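Everything in the sequence shown is counted per this note's numbering, starting at 55 for the first residue and increasing by one.
Note that the Cβ used here is the ideal one computed from N, Cα and C, for glycine as well.
On a predicted model such as this, the values are computed, not experimentally measured, just so you know.
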Amino acid sequence: MTMFSLTSKKNKADRHVTYKGEKVLISITFDNVIKAIKLYDDKFLKENQKIYIMYRMFVKDYKKYNHTPRDVIRITDLIYKELNKSDSDTGAADNEELYNFFEDAERIYASFLIDYNIDLLNEVGVLSWDEFIALFNNLSEKTPIMQAIMYRGCEVPSGPENKEERRRIRKMKEFYELKSQREKREKQILEQMEKEFL
Numbered sequence: 055m056t057m058f059s060l061t062s063k064k065n066k067a068d069r070h071v072t073y074k075g076e077k078v079l080i081s082i083t084f085d086n087v088i089k090a091i092k093l094y095d096d097k098f099l100k101e102n103q104k105i106y107i108m109y110r111m112f113v114k115d116y117k118k119y120n121h122t123p124r125d126v127i128r129i130t131d132l133i134y135k136e137l138n139k140s141d142s143d144t145g146a147a148d149n150e151e152l153y154n155f156f157e158d159a160e161r162i163y164a165s166f167l168i169d170y171n172i173d174l175l176n177e178v179g180v181l182s183w184d185e186f187i188a189l190f191n192n193l194s195e196k197t198p199i200m201q202a203i204m205y206r207g208c209e210v211p212s213g214p215e216n217k218e219e220r221r222r223i224r225k226m227k228e229f230y231e232l233k234s235q236r237e238k239r240e241k242q243i244l245e246q247m248e249k250e251f252l
């Protein structure tokens with residue numbers, strides 16, 4: 055992980071990767087990265103289709119280059135490495151998913167408006183991924199997305215003295231739970247029921 059820098063142009067959306075001695079202009083905007091995450095998880099597209107789509111998403115004026123299929127694969131790999139350099143760890147314990155850019159889109163949008171007065175729809179194609187993540191990681195606790203993350207990751211208190219708090223937290227966890235968390239919870243309930251009845 056590379057630290058965000060106030061003095062580096064590497065945090066800007068428009069940058070380049072060097073391939074065979076040539077600078078290939080790329081644009082690492084937050085919306086393209088989020089689309090790439092969705093593309094990566096797509097079950098219907100073949101890997102080579104995903105690579106070509108990513109290449110076209112990130113390479114500026116891709117038509118001006120005469121890249122072969124092998125070049126496209128290697129350049130896309132360089133872009134992937136560039137993304138991983140600027141990727142930021144959110145500190146999720148036990149790899150539990152605490153937010154999802156798709157399920158939480160409204161919360162993220164509202165949170166940027168509340169804290170920064172930034173309309174993310176006006177930043178599509180402009181705001182770099184590094185800038186987006188720096189802002190995202192520093193949203194205040196009062197914002198909708200940080201409230202959701204807090205409840206998704208908090209422990210449910212035990213003991214008879216915490217009965218009301220336990221009920222309240224469980225209700226909030228259920229309200230904010232992601233699809234992956236709901237599926238995990240439902241699986242645990244089914245497993246528990248099977249143990250009791252078998």
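* Cutoff 6 Å; reference Ser165; Cβ partners in own chain excluding five residues on either side -> Within the sequence shown, residue 165 is the residue found at index 111, counting from 1. Taken in chain order, the residues that qualify are Leu193, Thr197, Pro198, Ile199.
* Whole runs of the beta strand (DSSP E) within the stretch 154-210, excluding any shorter than 3 residues -> none
* Given a cut-off of 8 Å, decide if Ile88 and Ile133 are closer than it, judged by their beta-carbon atoms. => In the sequence shown, the residue the question calls residue 133 occupies position 79. In the sequence shown, the residue the question calls residue 88 occupies position 34. Cβ atoms of Ile133 and Ile88: not closer than 8 Å.
* Among Tyr205, Leu189, Ile107, Asn176, which one has its Cα closest to the Cα of Asp169? -> Indexing the sequence shown from 1 puts residue 169 at position 115. Among Tyr205, Leu189, Ile107, Asn176, the Cα nearest to that of Asp169 is on Leu189.
* Going by CA-CA distance only, name the one from Glu195, Lys66, Lys227, Lys217 that's closest to Cys208. => The residue you call residue 208 lines up with position 154 of the sequence shown. Of Glu195, Lys66, Lys227, Lys217, the residue nearest in Cα terms is Lys227.
* Alpha carbon of Leu232 to alpha carbon of Tyr205, nearest angstrom -> On the sequence shown, residue 232 is found 178 positions in, with the first residue counted as 1. On the sequence shown, residue 205 is found 151 positions in, with the first residue counted as 1. Answer to the nearest angstrom: the Cα atoms are 11 Å apart.
* To do: Assuming Asn86 and Met111 form a contact by the criterion Cβ under 8 Å, report the distance between their Cβ atoms to the nearest whole angstrom.
  => To locate residue 86, count along the sequence shown from 1; it is residue 32. To locate residue 111, count along the sequence shown from 1; it is residue 57. Rounded, the Cβ-Cβ distance is 5 Å, consistent with contact.
* When we look at the beta-carbon of Ala159 and count the other beta-carbons within 10 Å, is it buried (16 or more) or exposed? -> As a first step, residue 159 is located in the sequence shown; it is residue number 105 there, counting from the start. Exposed is the call here.
* Asked: When DSSP labels each residue in this structure, what does Ser234 get in the three-state scheme?
  -> Here the question's residue 234 lines up with position 180 in the sequence shown. Reduced to three states, the DSSP call for Ser234 is helix.
* To do: Would you grab the beta carbon distance between Tyr109 and Ile129 for me? Rounded to a whole angstrom, and I think it's under 8 Å.
  => What you label residue 109 is simply residue 55 of the sequence shown in a count that begins at 1. What you label residue 129 is simply residue 75 of the sequence shown in a count that begins at 1. At roughly 6 Å, the Cβ-Cβ gap stays under 8 Å, so Tyr109 and Ile129 are in contact.
* To do: Could you tell me which of Phe58, Phe84, Asp131, Lys74 sits nearest to Leu181, measuring between CA atoms?
  => By one-based count along the sequence shown, residue 181 stands at place 127. Comparing Cα-Cα distances from Leu181 to each of Phe58, Phe84, Asp131, Lys74, the minimum goes to Phe84.
* Secondary structure at Val71, three-state DSSP: helix, strand or coil? -> In the sequence shown, counting from the first residue as 1, residue 71 sits at position 17. Of the three classes helix, strand and coil, the one that applies to Val71 here is strand, per DSSP.
* **Of the residues Asn102, His70, Lys97, the one placed nearest Tyr116, counting alpha carbons only** => Position 62 of the sequence shown holds residue 116. Of the listed residues, the one whose Cα sits closest to Tyr116 is His70.
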